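Chemist:
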Amino acid sequence: MWFTRWQGDLTGTGRLVVELDGKRVVDAPLADVVSGRLGAPFVAPLVADPKQSSGGALISVPMPYRKSMRVTTEHNPHLYQVGYRSFADAEGVRTFDPGEKAEDVVELLRKAGTQDPKPALAGSVEHRARFDLAPGKTRRLAHSTVPGLVGAVRVRLPQTVLRVPPPVEDTGRAYRRGGGSTFTVAVDPGNRGVLLTRPLDRGIGGQEARVYVDGESAGEWKGLPGEGGRWDEQGVELPAALTAGRSRLTIRTECAESSTSDCNEFTYWVRNAVGGPVTDTVDVGGPSSEQAHGYRISGETWRGTRTFRPLRDARQADESRALLRGLRLRAVFDGVRTVDAPLGEFTGSGFVMAPVRSLMQQLDPQTGEFVAWWPMPYARSATVELYNGSGRAVSGGTSSVTTTPSEGHARAVRTGTEGYFRATSRASSTVADRSWEFLSAQGGGKLVGVSHSMQGAADRYHMEGDERVFADGSSTPQVHGTGTEDLYRGAWYFLYGTYLQPLNGHPARLTDSPECGGWHQDCSSGYRLLLADAVPFGRSLRFTVEHGPYDDLPADYAATTYWYGQDGPRLRRTDSVAADDVSQRAPMSEIGTLAACFEGEYRKPQTLTAGTRTARVPVVLDVAVDPANRGVVLRRTGDQEKAGQRVRVQVDGHSLPDWYQPLSNPDRRWLEDSYQLPASVTRGKDRLRVTLSPVKGAPGWSAASYEVDSVLR
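As structure tokens, then:
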């Protein structure tokens, strides 16, 4: 579960109540739950408050139930996500007991990013290598023909290490909203515009100021979120119309009324162009420099010194970024390449060397070490390689790949009960009116995570896009999010800056920096592991995200999606029943035609015009199935105008749990949902008689059609 409210304040949501199988297992103020006040198992990192998850509040405690689940809040939560998964039967499921502290799980998660989370297996072999790697070349890191699995991949690249510059002390001043400063600077008369840059104390967020040249408006300093403990750098390009042919300029900066705080200033550098030489420097707080430049200040609120670390060296950062994106980790299992991903993205940081400590990945920017602990099973052979597409020569690299013999994993891959590990990467600019696609996959498997890098406008409004996951060709998404940063369990554009959690994180952000494509740009990365909340699919899966609220904002996205899969489907369509056929078995149904659309795509939703039947008497379906089935999935397309539709389900006279649909959408009325029939009532049969009996007091049961999928494995 994930929640947020304005600026992360959850007190207005009140109490959270979780009822499983008719018993309350949680009944406490939501703010207390996510802060860990309930005690284990509701402790960090299985819960996180908005400061720990950068604006979002997170409950990652798995809470299984056998018959029913209900989650309620005392007041409107405004923004929330509740993820759940249903099964065909309750075999092996034990209702959650909040008295079980799960201390072993908590301890494992608290060690995330420091050790392999998987149990040790006997017979493991560590394949080690030292290498140099020329541009365009590939280095084999490991090869095994012993059936089993790859359990760990470790690569160390000294060239990716970013040297941390020493702290820099600078004198400065600050002034209140409406206040400002004035000074004169020297420029080259032959300029075609002037670049005015300054360091600022990022511990003070929301500093917005206007810039004037000889009394004419020339630009503005954009407000940036507060990120304490470091210098940042901002630039304003002063137009040539105000600077060309001039040897001196009078600059005035004015703290805007829209600023959320006072505005500070320490040094100003003047250049004739981006990347050009400095023509003048104003050292604010330095008496001689202030006097030489005629410095004056109004509305002063502070003067003193600050000592922070500056931004990284741009050239070194460029090389590091090129290696992160251009070095690709590749893996071939049983003759098929299933992993081909940029090294930085594969380990969760994306475009910049930033620390990552997740359950399945680790990146240490101090040592240049990249580690992944995903289990990667294979039946016959495995090859792990590193390809250099960076354009830079790599020297002094080391690697370690762990393989383990396991006939059990090999057999599971051969029979299709386990899928091959896959890492699918893509990078492109967004396209207007079209959601950006993380993954389009065929066959059967499960989605287990994503690492995502975003570059867009500094206001980060492109993060208003929601993610959606469509499984098995469904027109209704099985997952529909509330915003891009919410996918990574933050909120309000990552309100409290970067953070790391075992299953989610926002490891890096660059703003108004040459490392991020120039001024007024934001570069952010996020990762999310879907382990207990993996999304299964039997035939196909499509995973997308909007860019902006209406797929309307330009951005450059890159992502690596982690999933397990087999090429062949786990489901086979064995029958379908149209509304007209249903009507013959339920003649007392209400008949109608619905022209509407599905949920999911906001800008260009899928539309459908079809006849519907709303039944108030039992509906009987006589459908074909595969006798070798391991269960059957019955899918319905119907009208969700009215919430709470419910039917009792019988298969050949055997009663099953009710099919209940609490959802409603009077604007986007089409819905595809499904019901899983357990193998205990379907195995060995080629036909089933399914009876759906509307429950008294519930709205009529709406359907336009039913599809029948037999589960093959």
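If you're matching positions, the sequence shown starts at 899 in the numbering used here and goes up one per residue. No residue lacks a Cβ here, since even glycine has one placed at the ideal position from N, Cα and C. Keep in mind that this is a model prediction, so the values were computed, not measured.
With respect to the beta strand (DSSP E) encompassing Q1057, which residues constitute its N-terminal and C-terminal limits?
Modeler: Numbered from 1 along the sequence shown, position 159 holds the residue referred to as residue 1057. Q1057 -> no beta strand (DSSP E), and no H or E assigned at all.
Chemist: Looking at C-alpha atoms only, which residue of K949, H1025, G937 is the closest neighbour of G997?
Modeler: Working through the sequence shown from its first residue, we reach residue 997 at position 99. Looking at the Cα atoms, G937 is the closest of the given residues.
Chemist: Quick one: grab the DSSP three-state call for L1610.
Modeler: As a working mapping, residue 1610 is identified with position 712 in the sequence shown. L1610: coil per DSSP, three-state reduction.
Chemist: In angstroms, rounded to a whole number, what distance separates the CA positions of P1503 and E1497?
Modeler: Counted from its first residue, the sequence shown places residue 1503 at position 605. Counted from its first residue, the sequence shown places residue 1497 at position 599. Each residue's alpha carbon lies about 7 Å from the other.
Chemist: So, are the CB atoms of G1197 and S1157 less than 8 Å apart?
Modeler: Within the sequence shown, residue 1197 is the residue found at index 299, counting from 1. Within the sequence shown, residue 1157 is the residue found at index 259, counting from 1. In this structure, S1157 does not lie closer than 8 Å to G1197 by Cβ.
Chemist: Should W1461 and L1337 be called a contact, given that it needs their Cβ atoms to be closer than 8 Å?
Modeler: Stepping through the sequence shown from its first residue, residue 1461 is reached at position 563. Stepping through the sequence shown from its first residue, residue 1337 is reached at position 439. Yes, the Cβ-Cβ distance between W1461 and L1337 is below 8 Å.
Chemist: Can you check whether the CB of L1586 is closer than 8 Å to the CB of V1530?
Modeler: As a position in the sequence shown, residue 1530 is number 632, starting the count at 1. As a position in the sequence shown, residue 1586 is number 688, starting the count at 1. It is a contact, given that the beta carbons lie within the stated cut-off.
Chemist: Going by the DSSP bridge assignment, what does S1326 pair with across the sheet?
Modeler: Within the sequence shown, residue 1326 is the residue found at index 428, counting from 1. DSSP, once it has assigned bridges, lists Y1455 as partnering S1326.
Chemist: Under three-state DSSP, which class holds F985?
Modeler: Working through the sequence shown from its first residue, we reach residue 985 at position 87. In this structure, F985 counts as coil in the three-state DSSP scheme.
Chemist: What three-state label does DSSP hand S1438 in the structure shown?
Modeler: In the sequence shown, counting from the first residue as 1, residue 1438 sits at position 540. Strand at S1438.
Chemist: Determine which residues share a DSSP beta bridge with P927 and list them.
Modeler: The residue labelled residue 927 in the question sits at position 29 within the sequence shown. DSSP output for P927 lists R913 as bridge partner(s).
Chemist: Can you tell me which of the three DSSP states A860 falls into?
Modeler: Since the first and last residues shown for the chain are 899 and 1611, residue 860 lies out of range.
Chemist: Please state if the CB of G1224 and the CB of G1287 are separated by a distance shorter than 8 Å.
Modeler: Numbered from its first residue, the sequence shown carries residue 1287 at position 389. Numbered from its first residue, the sequence shown carries residue 1224 at position 326. Yes, they are a contact pair.
Chemist: In this structure, what does DSSP give as the bridge partners for V1521?
Modeler: By 1-based counting over the sequence shown, the position of residue 1521 is 623. For V1521, which the question treats as bridged, DSSP gives the partners L1586.
Chemist: Using CA atoms only, rank isn't needed, just tell me which of H1307, H1360, F1164 is closest to S1327.
Modeler: Working through the sequence shown from its first residue, we reach residue 1327 at position 429. For the residues H1307, H1360, F1164, the minimum Cα distance to S1327 belongs to H1360.
Chemist: Would Y1394 pass as a contact of K949 if the rule is Cβ separation under 8 Å?
Modeler: Counting from one through the sequence shown, the residue named residue 1394 turns up at place 496. Counting from one through the sequence shown, the residue named residue 949 turns up at place 51. Yes.
Chemist: Give me the Cα-Cα distance between R1052 and G954, rounded to the nearest whole angstrom.
Modeler: Position 154 of the sequence shown holds residue 1052. Position 56 of the sequence shown holds residue 954. Their Cα atoms are separated by approximately 32 Å.
Chemist: Three-state secondary structure (DSSP) at H1360?
Modeler: If you number the sequence shown from 1, residue 1360 lands on position 462. Helix at H1360.
Chemist: Can you tell me the Cβ-Cβ gap for V1111 and T1082, rounded? I've got them flagged as a contact below 8 Å.
Modeler: The residue labelled residue 1111 in the question sits at position 213 within the sequence shown. The residue labelled residue 1082 in the question sits at position 184 within the sequence shown. Actually they do not touch by this definition, with Cβ atoms about 11 Å apart.
Chemist: Would you give the residue range spanned by the alpha helix (DSSP H) that G1244 belongs to?
Modeler: On the sequence shown, position 346 is the one that residue 1244 refers to. Note on residue identity: the sequence assigns Phe, not Gly, to residue 1244. Per DSSP, F1244 belongs to the alpha helix (DSSP H) from 1241 to 1244.
Chemist: Nearest by alpha-carbon distance to T1281: which of V1292, H1307, R1228 is it?
Modeler: Here residue 1281 is taken as the residue at index 383 of the sequence shown, counted from 1. Of the listed residues, the one whose Cα sits closest to T1281 is R1228.
Chemist: How should T1043 be labelled, buried or exposed, when 16 other C-beta atoms within 10 angstroms of its C-beta is the threshold for buried?
Modeler: In the sequence shown, the residue the question calls residue 1043 occupies position 145. Exposed, because fewer than 16 other Cβ atoms sit within 10 Å of the Cβ of T1043.
Chemist: Apart from the five residues just before and just after L1505, which ones in its own chain have a Cβ nearer than 6 Å to its Cβ?
Modeler: Position 607 of the sequence shown, counted from the start, is the residue given in the question as residue 1505. Note on identity: in this sequence residue 1505 is Thr, with Leu being the wrong assignment. Excluding residues within five positions, the ones whose Cβ falls inside 6 Å are C1495.
Chemist: Would you say H1552 and V1299 are within 8 Å of each other, going by their C-beta atoms?
Modeler: Stepping through the sequence shown from its first residue, residue 1552 is reached at position 654. Stepping through the sequence shown from its first residue, residue 1299 is reached at position 401. Contact flag unset, no.
Chemist: Does DSSP put Q1482 in a helix, in a strand, or in coil?
Modeler: Residue numbering aside, residue 1482 sits at position 584 when the sequence shown is read from its first letter. Below a pLDDT of 50, predicted positions are generally treated as unreliable, and Q1482, at 45, falls in that range; no measurement from the model is reported.
Chemist: Please work out which residues of its chain come closer than 6 Å, Cβ to Cβ, to G1077, disregarding the five sequence neighbours upstream and downstream, and give them in chain order.
Modeler: Within the sequence shown, residue 1077 is the residue found at index 179, counting from 1. C1153, S1196, G1197.
Chemist: Please determine, among P1056, G1192, P1263, the residue with the shortest C-alpha to C-alpha distance to T1296.
Modeler: Taking the first residue of the sequence shown as position 1, residue 1296 is located at position 398. Considering only alpha carbons, the answer is P1056.
Chemist: Within 10 angstroms of its Cβ, does P960 collect 16 or more other Cβ (buried), or is it exposed?
Modeler: Sequence index remark: in the sequence shown, residue 960 carries index 62 (1-based). P960 comes out exposed.
Chemist: So, helix, strand or coil for W900, using DSSP?
Modeler: Position 2 of the sequence shown holds residue 900. Three-state result, W900: strand.
Chemist: Less than 7 Å between C-beta atoms, sequence neighbours within five positions excluded: which residues of the same chain meet that for A1000?
Modeler: Position 102 of the sequence shown, counted from the first residue, corresponds to residue 1000. Answer for A1000: A938, P939, listed in chain order.
Chemist: I'd like to confirm the pairing. Which residues does DSSP put opposite H1404 in its beta bridges?
Modeler: By one-based count along the sequence shown, residue 1404 stands at place 506. For H1404, which the question treats as bridged, DSSP gives the partners Y1397.
Chemist: Do L1060 and P1240 have their C-beta atoms within less than 8 Å of each other?
Modeler: Within the sequence shown, numbered from 1, the residue matching residue 1060 stands at position 162. Within the sequence shown, numbered from 1, the residue matching residue 1240 stands at position 342. It is not a contact, given that the beta carbons lie outside the stated cut-off.
Chemist: Considering Cα atoms alone, identify which of E1444, D1370, P1087 is closest to R1437.
Modeler: Locating residue 1437 in the sequence shown gives position 539, where the first residue counts as 1. Closest option to R1437, Cα to Cα, is D1370.
Chemist: Roughly how far, in whole angstroms, is the beta-carbon of R1468 from the beta-carbon of L1610, given that I think they are within contact range, below 8 Å?
Modeler: As a working note, residue 1468 is residue 570 in the sequence shown. As a working note, residue 1610 is residue 712 in the sequence shown. Rounded, the Cβ-Cβ distance is 6 Å, consistent with contact.
Chemist: Tell me the DSSP secondary structure of A1541 in three-state form.
Modeler: Stepping through the sequence shown from its first residue, residue 1541 is reached at position 643. Coil.
Chemist: Can you round the beta-carbon distance between A1477 and A1601 to whole angstroms, since I take them to be within the 8 Å contact cut?
Modeler: As a first step, residue 1477 is located in the sequence shown; it is residue number 579 there, counting from the start. As a first step, residue 1601 is located in the sequence shown; it is residue number 703 there, counting from the start. The pair is a contact, with the Cβ atoms about 6 Å apart (cut-off 8 Å).
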